[in-house]
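**Q** Residue 83 is where the sequence shown starts when you use the working numbering, and the numbers rise one by one after that.
Every residue gets a Cβ at the ideal spot worked out from N, C-alpha and C, and that includes glycine.
The structure displayed is predicted, hence computed values, not measured ones.
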Amino acid sequence: MAYFAGLLIELNYNVAPSQAMKHLGFNIIAGFCLWFFSLSAYAESASLKESPYLGGTTYGRFLSFSLYSGVYFNGYRQNFAPSATSSEFMDRLKNMYLYGLRVGHPFNSKIEAEIDFMYSPTKSGGFELFAYYTSIHGVLNVPINNQLVPYFVGGPGVLTLNIDQISTESKLGLGFGAGLKLFVSDRFAFRPEARGVATFSDFNIAFLGSLMLTYYTDFSRTKQDKDFDHDGIVDRLDRCPKEPETINGYEDEDGCPDSKPIPKPIDTDGDGIIDQNDKCPTEKETINGFQDEDGCPDVIQQLPKAFVEPKKVDTDGDGIMDDVDQCIKEPETVNSYKDNDGCPDTVPEELKPFSGVIEGIFFAVDSTIIERESYKKLDQAVAILKKYNNLTVLIEGHTDSTGSASYNLKLSKERAESVRQYLTSRGVSLERLSIKGYGFSKPIASNSTSTGRAQNRRIEFKIQEKAPKKKTTPATPKK
């Protein structure tokens, strides 16, 4: 019985076992270099929310393809007892290089099935020796986080030993082992793995170590999901699949360009106040600072001591009128903290992580379910809101550009609502929390890369004080 001693990538298909042992030191070094490379890539990668083992309902969309290489320690010599035709070749079958291909399909985040074909070539006395192992096995995944997925593997297979022009021998076997998937992107993972292979006839066990590169491909887009005109509405729902929708607020869900203009509001008397808001639609408003919004001419001179409402003034030009501005001569600092009081301010240090984009809040793919890893951040937000009980929060939901505008607008609002429900369930008053979904209308990064899309899928907090009361200013009499 032998033990897993290193990892190997090798391109020479005709190497003697003695050479394998001579180069074992090099192979170990090469393996650890690959290990270091994969860990470096993992450390630098963004949050891989699109990988196929991290939640959601997209497992059935994926297939995986793996190429691997390694060493079969005490391999077929352990699995095959010497025979009249094979005994002289047994030394060559002790330690062999192996090469393989796997195709897999996940059923959910934990269970996966794979078909494996392994090939081990060598030479002895001018004869070519070929050893094969074909198996089907199950994989049990135990995800730790977005990048690290340990797993266990096991299943039956057939071992075949072919001695060129002499004999062929086959046996039933059972493979079992464990490995680790190191995701370096949404689609690629390195997989160091150690396995044992036992034959049913004599229960001898040989061990093998290998390193795989696995690619995951998504077959989710069917013919029905195609979007020929790239307007965000799939062809099966698009009334004009070859003409892009005109996004103008008018029938934006039918997928057709709009030739019918949006009718302008009617203003019969031309005083700038549309008829639906004009109390006197056939008589022009008298613009004189007195009830200028009702649309009616004002005969102020006939009213002794008529009262005129003062015009609204914004002295510091910060967009907050003086009647609600607590600092009328100093402009507001717009920083997502008390942006409605009209005063310059600095966000307290302990509030900064909860003002603007909130890092560390994740959702399952295409879902409003909050990932468990987000609870710590949300619990911190609860503690802060309980400490600063005079603050209110606008919770904003944002998405990337994958899918239609209407779908993402709905998803972003529902995700903001999920955050609000979590906060209220922990004791934050509902009246202090409001929500708004923006879909993909306010990106903060490019949607053309997976990193940019991950940044655009976010939750933001806008911190405000409870709405201040308007200042009471006595009306000015006009003679």
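Near lysine 192, what residues of its chain come up, given a Cβ to Cβ distance below 6 Å and the 5 sequence neighbours on each side ignored?
**A** Here residue 192 is taken as the residue at index 110 of the sequence shown, counted from 1. Sequence-distant Cβ neighbours of lysine 192 in its own chain, meaning closer than 6 Å and more than five residues away, are Asn223.
**Q** Going by Cα to Cα distance, which pick from Leu230, Gly278, Leu295, Phe212 is closest to glycine 186?
**A** Indexing the sequence shown from 1 puts residue 186 at position 104. For the residues Leu230, Gly278, Leu295, Phe212, the minimum Cα distance to glycine 186 belongs to Leu295.
**Q** Contact defined as beta carbons within less than 8 Å: I believe tyrosine 298 pairs with arginine 269. What is the distance between those atoms, to the nearest angstrom?
**A** Locating residue 298 in the sequence shown gives position 216, where the first residue counts as 1. Locating residue 269 in the sequence shown gives position 187, where the first residue counts as 1. That belief holds up - the Cβ atoms of tyrosine 298 and arginine 269 are roughly 5 Å apart, short of 8 Å.
**Q** Which of helix, strand or coil does DSSP assign to alanine 195?
**A** Position 113 of the sequence shown, counted from the first residue, corresponds to residue 195. Strand, per DSSP.
**Q** In terms of DSSP beta bridges, what is isoleucine 287 paired with?
**A** Along the sequence shown, read from residue 1 onward, the residue named residue 287 stands at position 205. Bridge partners of isoleucine 287: Ala280.
**Q** Kindly list the residues whose CB is nearer than 8 Å to the CB of proline 339, restricted to its own chain and excluding five residues on each side of it in sequence; keep chain order.
**A** For this step, residue 339 is matched to residue 257 along the sequence shown. Cβ within range, chain order: Cys322, Glu325, Pro326, Glu327, Thr328.
**Q** With isoleucine 356 and isoleucine 440 assumed to form a contact (beta carbons below 8 Å), what rounded beta-carbon distance in angstroms separates them?
**A** Against the sequence shown, residue 356 aligns to sequence position 274. Against the sequence shown, residue 440 aligns to sequence position 358. In fact, because the Cβ distance is near 41 Å, the residues do not count as touching under 8 Å.
**Q** Can you tell me the Cα-Cα spacing of asparagine 538 and isoleucine 218, whole angstroms?
**A** Numbered from its first residue, the sequence shown carries residue 538 at position 456. Numbered from its first residue, the sequence shown carries residue 218 at position 136. Inter-residue distance for asparagine 538 and isoleucine 218 is about 40 Å (C-alpha atoms, whole angstroms).
**Q** If you follow the alpha helix (DSSP H) that leucine 460 is in, where does it begin and where does it stop?
**A** Along the sequence shown, one-based indexing puts residue 460 at 378. Run containing leucine 460: 457 to 469, per the alpha helix (DSSP H) assignment.
**Q** State buried or exposed for tyrosine 332, treating a residue as buried only when at least 16 other CB atoms are found within 10 Å of its CB.
**A** The sequence position of residue 332 within the sequence shown is 250, counting from 1. Tyrosine 332 comes out exposed.
**Q** Near glycine 521, what residues of its chain come up, given a Cβ to Cβ distance below 7 Å and the 5 sequence neighbours on each side ignored?
**A** For this step, residue 521 is matched to residue 439 along the sequence shown. Excluding sequence neighbours, glycine 521 sits near Thr481, Ala487, Asn490, Leu491, Ser494.
**Q** Between the alpha carbons of arginine 454 and phenylalanine 445, how many angstroms are there, rounded?
**A** Sequence index remark: in the sequence shown, residue 454 carries index 372 (1-based). Sequence index remark: in the sequence shown, residue 445 carries index 363 (1-based). The C-alpha of phenylalanine 445 is placed about 9 Å away from the C-alpha of arginine 454.
**Q** Helix, strand or coil: which one does DSSP assign to glycine 534?
**A** Here residue 534 refers to the residue found at position 452 when the sequence shown is read from its first residue. In the structure shown, glycine 534 sits in a helix (DSSP, three-state: H, G or I).
**Q** Taking just the CA atoms, how far does glycine 485 sit from glycine 314?
**A** On the sequence shown, residue 314 is found 232 positions in, with the first residue counted as 1. On the sequence shown, residue 485 is found 403 positions in, with the first residue counted as 1. When rounded, the distance between both Cα atoms is 6 Å.
**Q** Residue ranges of each beta strand (DSSP E) run of no fewer than 3 residues wholly in the stretch 478 to 525, ordered along the chain?
**A** 515 to 519
**Q** Going by other Cβ atoms of all chains shown within 10 Å of its Cβ, with 16 needed for buried, is alanine 465 buried or exposed?
**A** By one-based count along the sequence shown, residue 465 stands at place 383. That one is exposed.
**Q** Should valine 475 and lysine 544 be called a contact, given that it needs their Cβ atoms to be closer than 8 Å?
**A** Taking the first residue of the sequence shown as 1, we reach residue 475 at position 393. Taking the first residue of the sequence shown as 1, we reach residue 544 at position 462. Yes, these two residues count as a Cβ contact at 8 Å.
**Q** Return the bridge partner residues of proline 203 from the DSSP annotation.
**A** Locating residue 203 in the sequence shown gives position 121, counting from the first residue. BP columns for proline 203 point to Phe212.
**Q** If you run the structure through DSSP and keep just helix, strand and coil, what is proline 379?
**A** Translated into positions along the sequence shown, residue 379 becomes position 297. Coil.
**Q** Any idea what DSSP makes of lysine 544, helix, strand or coil?
**A** As a working mapping, residue 544 is identified with position 462 in the sequence shown. The three-state secondary structure of lysine 544, taken from DSSP, is strand.
**Q** Can you look up glutamate 431 in the DSSP assignment and give me helix, strand or coil?
**A** The sequence position of residue 431 within the sequence shown is 349, counting from 1. Glutamate 431 falls in the helix class under three-state DSSP.
**Q** Among Ser483, Thr531, Gly257, whose alpha-carbon lies nearest the alpha-carbon of histidine 312?
**A** Here residue 312 corresponds to residue number 230 of the sequence shown, with the count starting at 1. Of the listed residues, the one whose Cα sits closest to histidine 312 is Ser483.
**Q** For phenylalanine 436, does the three-state DSSP call read helix, strand or coil?
**A** Here the question's residue 436 lines up with position 354 in the sequence shown. Phenylalanine 436 falls in the helix class under three-state DSSP.
**Q** Rounded to whole angstroms, what's the CA-CA distance from leucine 433 to leucine 473? Just pull it up for me.
**A** Translated into the one-based positions of the sequence shown, residue 433 becomes position 351. Translated into the one-based positions of the sequence shown, residue 473 becomes position 391. Rounded to whole angstroms, leucine 433 to leucine 473 spans 11 Å at the Cα level.
**Q** Under 7 Å Cβ to Cβ from glycine 581, same chain only, skipping five residues before and after it: list those, please.
**A** Nothing about residue 581 can be reported from this structure: the residues present for the chain run from 83 to 561 only.
**Q** So, with DSSP's three-state summary, where would you put arginine 454?
**A** Reading the sequence shown from its first residue, position 372 is the one you call residue 454. Helix.
**Q** Measure the alpha-carbon distance for phenylalanine 265 versus leucine 149 and round it to whole angstroms.
**A** Taking the first residue of the sequence shown as 1, we reach residue 265 at position 183. Taking the first residue of the sequence shown as 1, we reach residue 149 at position 67. Looking at the two C-alpha atoms, the distance is approximately 15 Å.
**Q** For arginine 184, is the classification buried or exposed, using 16 other Cβ atoms within 10 angstroms of its Cβ as the cut-off for buried?
**A** Working through the sequence shown from its first residue, we reach residue 184 at position 102. That one is buried.
**Q** My assumption, with CB atoms under 8 Å, is that glycine 424 sits in contact with aspartate 448. Please give the rounded CB distance.
**A** On the sequence shown, position 342 is the one that residue 424 refers to. On the sequence shown, position 366 is the one that residue 448 refers to. So it is not a contact: roughly 41 Å between Cβ atoms.
**Q** By how many angstroms is the C-alpha of valine 221 removed from the C-alpha of glycine 182?
**A** Taking the sequence shown and counting its residues from 1, one reaches residue 182 at position 100. Taking the sequence shown and counting its residues from 1, one reaches residue 221 at position 139. Between glycine 182 and valine 221, the C-alpha separation is close to 17 Å.
**Q** According to the neighbour-count rule (16 or more other Cβ atoms, all chains shown, within 10 Å of its Cβ), is isoleucine 410 buried or exposed?
**A** Your numbering for residue 410 matches position 328 in the sequence shown. Residue burial annotation: isoleucine 410 is buried, with at least 16 other C-beta atoms found within 10 angstroms of its C-beta.
**Q** For asparagine 359, which of helix, strand or coil comes out of DSSP?
**A** Counted from its first residue, the sequence shown places residue 359 at position 277. Three-state DSSP puts asparagine 359 in a helix.
**Q** Quick one: grab the DSSP three-state call for arginine 269.
**A** One-based indexing of the sequence shown puts residue 269 at position 187. Correct three-state label for arginine 269: coil.
**Q** Whole-angstrom Cβ separation of proline 379 and glutamate 365, contact assumed at under 8 Å?
**A** What you label residue 379 is simply residue 297 of the sequence shown in a count that begins at 1. What you label residue 365 is simply residue 283 of the sequence shown in a count that begins at 1. Indeed, because the Cβ distance is near 5 Å, the residues count as touching under 8 Å.
**Q** Alpha carbon to alpha carbon, how far is tyrosine 196 from serine 456?
**A** In the sequence shown, residue 196 corresponds to position 114, counting from 1. In the sequence shown, residue 456 corresponds to position 374, counting from 1. It is glutamate, not tyrosine, that sits at residue 196 in the sequence shown. About 32 Å.
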